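Chemist: Using the working numbering, read the sequence shown as starting at 79 and increasing by one per residue. Don't be surprised by glycine CBs; every beta carbon is placed ideally from N, CA and C. As the structure is a computational prediction, the values presented were derived from the model and not from experiment.
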Amino acid sequence: QKLTRYAAAEFSFFLAVPTMLAASGYKLFKYYRQNGGFSSNELQLLAIGNIVAFIVALLAIKFFIGFLQKHGFKVWGIYRIILGILLLTLIYKGYLPA
79 QKLTRYAAAE FSFFLAVPTM LAASGYKLFK YYRQNGGFSS NELQLLAIGN
129 IVAFIVALLA IKFFIGFLQK HGFKVWGIYR IILGILLLTL IYKGYLPA
(Lines of atoms letter the chains of each structure in order from A; the text may use other names.)
(Lines give C-alpha, C1' and ligand atoms only; values in the text may rest on other atoms or scores of the structure.)
Protein backbone atom coordinates (compact mmCIF):
# COMPACT_ATOMS: atom_id res chain seq x y z
CA GLN A 79 0.00 0.00 0.00
CA LYS A 80 1.47 3.32 -1.04
CA LEU A 81 0.88 6.42 1.09
CA THR A 82 1.24 10.00 0.02
CA ARG A 83 3.41 12.34 2.07
CA TYR A 84 0.27 14.10 3.23
CA ALA A 85 -1.39 10.86 4.38
CA ALA A 86 1.76 9.67 6.18
CA ALA A 87 2.19 12.96 8.03
CA GLU A 88 -1.51 13.14 8.90
CA PHE A 89 -1.45 9.55 10.18
CA SER A 90 1.57 10.25 12.39
CA PHE A 91 -0.19 13.23 13.94
CA PHE A 92 -3.29 11.12 14.58
CA LEU A 93 -1.10 8.52 16.31
CA ALA A 94 0.29 11.21 18.61
CA VAL A 95 -3.15 12.20 19.94
CA PRO A 96 -3.78 9.21 22.27
CA THR A 97 -0.20 9.36 23.55
CA MET A 98 -0.46 13.05 24.38
CA LEU A 99 -3.87 12.59 26.01
CA ALA A 100 -2.56 9.74 28.16
CA ALA A 101 0.54 11.70 29.22
CA SER A 102 -1.50 14.80 30.06
CA GLY A 103 -4.12 12.77 31.91
CA TYR A 104 -1.44 11.03 33.95
CA LYS A 105 0.17 14.33 34.94
CA LEU A 106 -3.21 15.78 35.92
CA PHE A 107 -4.01 12.66 37.93
CA LYS A 108 -0.68 12.85 39.79
CA TYR A 109 -1.19 16.54 40.54
CA TYR A 110 -4.75 15.89 41.72
CA ARG A 111 -3.63 13.12 44.09
CA GLN A 112 -0.71 15.09 45.50
CA ASN A 113 -2.65 18.32 46.06
CA GLY A 114 -6.17 17.07 46.74
CA GLY A 115 -7.80 18.75 43.78
CA PHE A 116 -7.69 21.91 41.71
CA SER A 117 -8.57 25.46 42.66
CA SER A 118 -10.86 27.49 40.41
CA ASN A 119 -7.85 29.57 39.33
CA GLU A 120 -5.95 26.42 38.36
CA LEU A 121 -8.93 25.13 36.38
CA GLN A 122 -9.15 28.43 34.49
CA LEU A 123 -5.44 28.31 33.69
CA LEU A 124 -5.76 24.69 32.54
CA ALA A 125 -8.66 25.56 30.25
CA ILE A 126 -6.93 28.59 28.73
CA GLY A 127 -3.67 26.69 28.34
CA ASN A 128 -5.39 23.78 26.61
CA ILE A 129 -7.27 26.05 24.22
CA VAL A 130 -4.13 28.00 23.28
CA ALA A 131 -2.09 24.79 22.91
CA PHE A 132 -4.78 23.28 20.68
CA ILE A 133 -4.87 26.32 18.38
CA VAL A 134 -1.07 26.50 18.15
CA ALA A 135 -0.89 22.75 17.45
CA LEU A 136 -3.42 23.05 14.62
CA LEU A 137 -1.42 25.90 13.07
CA ALA A 138 1.83 23.96 13.41
CA ILE A 139 0.30 20.85 11.83
CA LYS A 140 -1.14 22.90 8.97
CA PHE A 141 2.24 24.52 8.35
CA PHE A 142 4.14 21.23 8.58
CA ILE A 143 1.84 19.36 6.21
CA GLY A 144 1.98 22.25 3.74
CA PHE A 145 5.77 22.24 4.02
CA LEU A 146 5.91 18.50 3.35
CA GLN A 147 3.68 18.80 0.31
CA LYS A 148 5.96 21.45 -1.19
CA HIS A 149 9.41 20.24 -0.12
CA GLY A 150 9.12 16.60 0.93
CA PHE A 151 10.88 14.80 3.75
CA LYS A 152 14.45 15.31 2.50
CA VAL A 153 14.73 18.94 3.62
CA TRP A 154 13.03 18.10 6.92
CA GLY A 155 15.41 15.18 7.48
CA ILE A 156 18.48 17.33 6.82
CA TYR A 157 17.18 19.97 9.24
CA ARG A 158 16.61 17.34 11.95
CA ILE A 159 20.08 15.84 11.49
CA ILE A 160 21.74 19.26 11.76
CA LEU A 161 19.65 20.14 14.82
CA GLY A 162 20.47 16.78 16.44
CA ILE A 163 24.21 17.24 15.89
CA LEU A 164 24.02 20.77 17.29
CA LEU A 165 22.11 19.65 20.40
CA LEU A 166 24.45 16.70 21.03
CA THR A 167 27.43 19.04 20.70
CA LEU A 168 25.91 21.53 23.17
CA ILE A 169 25.20 18.70 25.63
CA TYR A 170 28.71 17.28 25.22
CA LYS A 171 30.31 20.71 25.79
CA GLY A 172 28.18 21.19 28.92
CA TYR A 173 26.04 24.09 27.67
CA LEU A 174 22.86 21.99 27.99
CA PRO A 175 22.00 19.44 30.68
CA ALA A 176 21.96 15.81 29.60
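Which residue wins for smallest C-alpha separation from Met98, given the options Arg158, Gly155, Asn128 and Ile160?
Modeler: Asn128
Chemist: Which residues bound the alpha helix (DSSP H) around Ser102?
Modeler: Arg83 to Asn113
Chemist: Is the region 89–107 close to the region 147–162, with three or more CB pairs under 8 Å?
Modeler: no
Chemist: Looking at C-alpha atoms only, which residue of Phe116, Ser118, Ser102 and Tyr110 is the closest neighbour of Ala131?
Modeler: Scanning Phe116, Ser118, Ser102 and Tyr110 for the CA closest to the CA of Ala131 turns up Ser102.
Chemist: Should Ala138 go down as buried or exposed, given a rule of 16 or more other Cβ atoms within 10 Å for buried?
Modeler: exposed
Chemist: Looking at C-alpha atoms only, which residue of Leu164, Ser118, Ala87 and Leu81 is the closest neighbour of Phe141?
Modeler: Ala87
Chemist: Taking the Cβ atom as the reference point for each residue, do Leu136 and Tyr84 lie within a distance shorter than 8 Å?
Modeler: No, they are not a contact pair.
Chemist: Between the Cα of Gln112 and the Cα atoms of Tyr104, Asn119 and Ser118, which residue gives the shortest distance?
Modeler: Tyr104
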